[in-house]
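Working notes, structure below.
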Amino acid sequence: MGIGRFTVSDILFGGLVQLVTLPYHRFFTYNTLRPAQEIERLARTGGSITQRDDTPGREALYTVLVGWRARKKDELSFVALAATVLTAIVTASFSWPNVGGSYWVGPAFWYASLSTSICGIFLSAQQLSMLSLIGELPAGGYEMMSARMLERHLNQMLAHRKKQGLRRLVRETAAAEEEEEGRGGEAQNEGKEWTLCWRLVFTWQCPMMFIAYATLFYIIGLTVVVCTPLIWEDFGPNSYIAVAYIATMGLTWGLFAFCSLGGYNAISLREEGDESPSEESGPGSCNDRGAERGQRDGKTQ
Numbered sequence: 007m008g009i010g011r012f013t014v015s016d017i018l019f020g021g022l023v024q025l026v027t028l029p030y031h032r033f034f035t036y037n038t039l040r041p042a043q044e045i046e047r048l049a050r051t052g053g054s055i056t057q058r059d060d061t062p063g064r065e066a067l068y069t070v071l072v073g074w075r076a077r078k079k080d081e082l083s084f085v086a087l088a089a090t091v092l093t094a095i096v097t098a099s100f101s102w103p104n105v106g107g108s109y110w111v112g113p114a115f116w117y118a119s120l121s122t123s124i125c126g127i128f129l130s131a132q133q134l135s136m137l138s139l140i141g142e143l144p145a146g147g148y149e150m151m152s153a154r155m156l157e158r159h160l161n162q163m164l165a166h167r168k169k170q171g172l173r174r175l176v177r178e179t180a181a182a183e184e185e186e187e188g189r190g191g192e193a194q195n196e197g198k199e200w201t202l203c204w205r206l207v208f209t210w211q212c213p214m215m216f217i218a219y220a221t222l223f224y225i226i227g228l229t230v231v232v233c234t235p236l237i238w239e240d241f242g243p244n245s246y247i248a249v250a251y252i253a254t255m256g257l258t259w260g261l262f263a264f265c266s267l268g269g270y271n272a273i274s275l276r277e278e279g280d281e282s283p284s285e286e287s288g289p290g291s292c293n294d295r296g297a298e299r300g301q302r303d304g305k306t307q
């Protein structure tokens, strides 16, 4: 059972991904998911991208890989810094005098935030070292990128799937075997089809997930600590503080949700003129209103 070319399981999985990544939607979309999907699209439809004579495919893939590495390094550096700051904030919060008399859920979420932040620090450092271990792409451009170097980078986001019947065809022709040896193993890649590996997608987005949920845990704990007087005490100064906190938090996080989910126009991962698909704008985007206004003007003329 499916809707169009998507099955029910695909729709449910996509909805689950959107729900889990909601606290860091933009980071996940532009720094992990869409680059991975674009890399997969180019690797699967770009022809013999592992050969030096396939200039368009290799150039496009080189550009996307360079952009992904740069954004991912910036993200990991931000996670390490933000997690360190959040760890200090959580530690200092335990010294507040009203923490001891608050409901136990508040401090429990703070401890969860503390442990999650520490994991984010170490995992971001681990992934930065992994990017360094993989090595930088050649600064001279895609012409300097060998097939082995390209495969080394693709292996960190995609998985190999053997094409049926191709290996048997290669064995049947001695000329194909000689050609494979002469090309230094580049022909081997033609028997492999690249596909998106969700295990790697999950792994690369984990540091941002840790800091996002650590922040969420801290906010939940803070809300419980501040709002405990509304339940356990008579209405007084502490209750006024809780009401002011709730009003401020609702406004600020509402604006944050608007900016994160619908406040930006569509952004292409590559330069202008690229025909690769881009993420749709939010319902309140300027592009949507401009298109609607243009259609109305065209009808009136």
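Quick note on this note's numbering: the sequence shown kicks off at 7 and runs consecutively.
Note that CB positions come from ideal geometry on N, CA and C, so glycine has one too.
Since the model is a prediction, treat every value here as computed from it, not as a measurement.
Rounded to a whole number of angstroms, what is the C-alpha to C-alpha distance between W238 and L67?
Their backbone Cα atoms lie some 60 Å apart in a straight line.
Does the beta-carbon of C265 have 16 or more other beta-carbons within 10 angstroms, so that it is buried, or is it exposed?
Exposed is the call here.
From A42 to S245, what does the alpha carbon distance come to, in whole angstroms?
One C-alpha to the other measures close to 48 Å.
May I ask you to report which of helix, strand or coil DSSP gives F12?
F12: strand per DSSP, three-state reduction.
Taking the alpha helix (DSSP H) that N37 falls in, what are its first and last residues?
Here N37 belongs to no alpha helix (DSSP H), and DSSP marks it neither H nor E.
Determine whether the beta carbon atoms of Q133 and W259 lie at a separation below 8 Å.
Not in contact: Q133 and W259 (Cβ atoms no closer than 8 Å).
Could you tell me the distance, in whole angstroms, from the CA atom of P283 to the CA atom of A49?
A caution first: P283 carries a pLDDT of 46, below 50, which makes its placement in the model unreliable, though a value can still be read off. Rounded to the nearest angstrom, the two C-alpha atoms are 15 Å apart.
Between the segment 222–233 and the segment 116–132, do three or more beta carbon pairs fall short of 8 Å?
Counting Cβ pairs under 8 Å, three or more are found: they touch.
Let's test the definition: count the other Cβ atoms within 10 Å of the Cβ of A153 and tell me whether it reaches 16, buried, or not, exposed.
Its Cβ being crowded by 16 or more others within 10 Å, A153 is buried.
Can you say whether A76 is buried or exposed, counting buried as having 16 or more other CB atoms within 10 angstroms of its CB?
It is exposed - the Cβ of A76 has fewer than 16 other Cβ atoms within 10 Å.
If you reduce the DSSP assignment to three classes, tell me which class L143 lands in.
Three-state DSSP puts L143 in coil, outside helix and strand.
State the beta-bridge partners of E199 as determined by DSSP.
E199 pairs with R167.
If you measure between the beta carbons of L71 and L143, is that distance less than 8 Å?
Yes, they are a contact pair.
Could you check if W110 is buried or exposed, using at least 16 other CB atoms within 10 Å of its CB as the buried criterion?
Exposed, because fewer than 16 other Cβ atoms sit within 10 Å of the Cβ of W110.
Drop a sphere of 10 angstroms on the beta-carbon of I45, count the other beta-carbons inside from all chains shown, and report buried for 16 or more, exposed for fewer.
The residue in question, I45, is buried, as its Cβ has 16 or more Cβ neighbours within 10 Å.
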